[in-house]
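Read in order, the letters of the sequence shown correspond to residues 132 to 531 in my numbering.
Note that the Cβ used here is the ideal one computed from N, Cα and C, for glycine as well.
As the structure is a prediction and not an experimental result, all values here were calculated from the model.
Notes to accompany the following structure.
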Amino acid sequence: MREGRPELLAPAGNFEKLKIALRFGADAVYVGGREFSLRAFADNFSAEELRAAAEYTHARGKKLYVAVNVYLRGSDGEKLGGYFSFLQDIGADAALVSDPGAVYIAKKAAPRLPLHLSTQANTTNGYAAAFWRQQGIARVVLARELSLGEIAAIHAHCPAMELEAFVHGAMCISYSGRCLLSDYLDGRSSNRGACVQACRRGYELRPVAPVERQERLPVEEDGRGTYILNSKDLNMIGRLGELERAGVCSFKIEGRMKSGFYLATVVNAYRRALDGAPVELCRSELDTVAHRAYTEGYAFGENRETVNYADAQTKGTCEYIADVLGWRDGRVTVEMRNRFHAGDVLEVLSPSGAFGRHVTVLDLRDEGGEETEDAKLVQAKYTFRSDMPLSKGDFLRRRR
């Protein structure tokens, strides 16, 4: 992390997203390999990609954490020692674990590999933090259910333990992610990395005949169903200073399954907030991408307003239009993601000074150099005139 400053920690579901997260200001990224990670449906990293990722992050003065946070079955132990040894050899900055068995195996097989304890382990008090410190854990990822006061108490009880806390992204209806719903409905275990997010689905009430019980569950629903289990998204953009004062040294963004555009937007907003940009500007930036209604979770204790009853999620205030591939001689080359036209005014998402500026699509041309009024082919390359230099890796979006 930056000396004397909290670390901004971002998810990376694949190598391209890792590059995006670092470019837009993350100090560290967390990734998963092809096994032992709680995001089995992400692209994830092969062994060769993990080695390359470590080299890439370290060359930029950043850190790489690798999630090994499934709950183990007996057969996992045979492979896990070798995997931890591999992570130590490539220079991973930490392995993220949740199972005590994984801690035991890691300490035996890779004694120089730092260990971070996943939020799945439900660390909710200073006694637990002190216990894990004795087991050789360098950092705990705190349970999302904690208040600022409880976090401060944990830090006071065990000041040697690094504390990491989620600041943004999806929350779970179950206690720090210990859910059985996905396994029950679809046979896919959340705690083995295969959660299908059944809690996000719309549910309906239907009469059952014969009626054997008289109890009724009062649920409001519309034509789309009702979202009785769908948690709001966490958003702590306005509480970073309070979290730091409570003892948090790493601010974690959720979302290894999210798109690169989403990742760039969220990391950019938190980076700018940490660097002193006005909070309201950063808060409005987080509204630009699709999200569920926001909540500050349990930062101030009991909160009964954490369920997003209205819908699965809402559209953001901006539409993702294109990836910038490069700029040369007054023309920008983009890869189209959503349809746009000659004359449209597009907004720039960038870690540079171009952020928030606007470009008008003039002299729009297709890959063959033919002039066109309509960029309608998905992932096709187009060029148009732009006096403002843009960089490869920038994004273009359009206000709704």
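Consider the C-beta atom of residue i and the heavy atoms of the ligand GTP; say whether any pair is separated by less than 7 Å.
{"i": "F515", "result": "Only the bare structure without any ligand can be found here, which leaves the ligand GTP out of the picture."}
On the DSSP bridge assignment, give the partners of residue i in chain order.
{"i": "T514", "result": "T464, R496"}
{"i": "L246", "result": "A226"}
{"i": "V234", "result": "None, per the DSSP bridge assignment."}
{"i": "A532", "result": "The question about residue 532 has no answer, for the chain in this structure spans 132 to 531."}
{"i": "G300", "result": "L365"}
{"i": "D505", "result": "H472"}
{"i": "E293", "result": "R270"}
{"i": "R530", "result": "C449"}
{"i": "H189", "result": "The partner list for H189 (beta bridge, DSSP) is empty, contrary to what the question assumes."}
{"i": "A198", "result": "G163, L227"}
{"i": "I384", "result": "H299"}
{"i": "H489", "result": "E478"}
{"i": "V379", "result": "L294"}
{"i": "Y393", "result": "Paired residue(s): none; Y393 is not in a bridge."}
{"i": "F176", "result": "G164"}
{"i": "H538", "result": "Since the first residue of the chain shown is 132 and the last is 531, residue 538 is not available in this structure."}
Could you tell me the distance, in whole angstroms, from the CA atom of residue i to the CA atom of residue j?
{"i": "T464", "j": "A408", "result": "30 Å"}
{"i": "A537", "j": "S229", "result": "The displayed coordinates of the chain run from 132 to 531. Any statement about residue 537 would go beyond what the structure contains."}
{"i": "Q535", "j": "G212", "result": "Past the boundaries of the shown model lies residue 535; the chain is included only from 132 to 531, so the question cannot be answered."}
{"i": "R319", "j": "H489", "result": "45 Å"}
{"i": "L149", "j": "Y425", "result": "25 Å"}
{"i": "G499", "j": "L456", "result": "16 Å"}
{"i": "M132", "j": "C380", "result": "Residue confidence is low: M132 scores 45 on pLDDT, short of 50, so the model does not pin down where it sits. No coordinate-derived value is stated."}
{"i": "D224", "j": "F382", "result": "16 Å"}
{"i": "Q251", "j": "Y202", "result": "9 Å"}
{"i": "R182", "j": "D505", "result": "42 Å"}
{"i": "E166", "j": "S517", "result": "45 Å"}
{"i": "M467", "j": "T396", "result": "18 Å"}
{"i": "L508", "j": "M367", "result": "38 Å"}
{"i": "R143", "j": "L527", "result": "It should be pointed out that residue 143 corresponds to Ala in this sequence rather than to Arg. Computed Cα separation, rounded: 21 Å."}
{"i": "H472", "j": "E293", "result": "50 Å"}
{"i": "A511", "j": "D497", "result": "8 Å"}
{"i": "Y401", "j": "N256", "result": "27 Å"}
{"i": "T188", "j": "K194", "result": "6 Å"}
Mind reading off the beta-carbon distance from residue i to residue j? Whole number of angstroms is fine, and I expect it under 8 Å.
{"i": "L311", "j": "A141", "result": "In fact, because the Cβ distance is near 29 Å, the residues do not count as touching under 8 Å."}
{"i": "A233", "j": "Y196", "result": "Not confirmed; about 14 Å, so no contact."}
{"i": "F533", "j": "V199", "result": "In this structure the chain extends from 132 to 531, so residue 533 is not present and cannot be described."}
{"i": "L360", "j": "C330", "result": "4 Å"}
{"i": "T254", "j": "L248", "result": "6 Å"}
{"i": "A185", "j": "G222", "result": "5 Å"}
{"i": "L477", "j": "I452", "result": "6 Å"}
{"i": "A485", "j": "D525", "result": "7 Å"}
{"i": "L405", "j": "P231", "result": "Contact doesn't hold; Cβ gap of about 34 Å is too wide."}
{"i": "I384", "j": "G447", "result": "No, I384 and G447 are not in contact; Cβ-Cβ is about 16 Å, not under 8 Å."}
Do the CB positions of residue i and residue j come within less than 8 Å of each other?
{"i": "A260", "j": "H288", "result": "yes"}
{"i": "E281", "j": "R370", "result": "no"}
{"i": "V398", "j": "A152", "result": "yes"}
{"i": "V298", "j": "L374", "result": "yes"}
{"i": "G378", "j": "A283", "result": "yes"}
{"i": "M302", "j": "S216", "result": "no"}
{"i": "L495", "j": "Y513", "result": "yes"}
{"i": "P520", "j": "F155", "result": "no"}
{"i": "R423", "j": "D364", "result": "yes"}
{"i": "R529", "j": "D475", "result": "yes"}
{"i": "A241", "j": "Q219", "result": "yes"}
{"i": "S278", "j": "G432", "result": "yes"}
{"i": "A237", "j": "L244", "result": "yes"}
{"i": "F515", "j": "R462", "result": "yes"}
{"i": "R531", "j": "C449", "result": "yes"}
{"i": "S415", "j": "W458", "result": "no"}
Do we get a CB-CB distance below 8 Å when we pair residue i with the residues of chain B?
{"i": "R204", "result": "Protein chains in the displayed structure number just one, and chain B is not present."}
Scan the region 426-483 and note each continuous beta strand (DSSP E) run of 3 residues or more that stays entirely inside, going in chain order. 449-459, 462-467, 476-480
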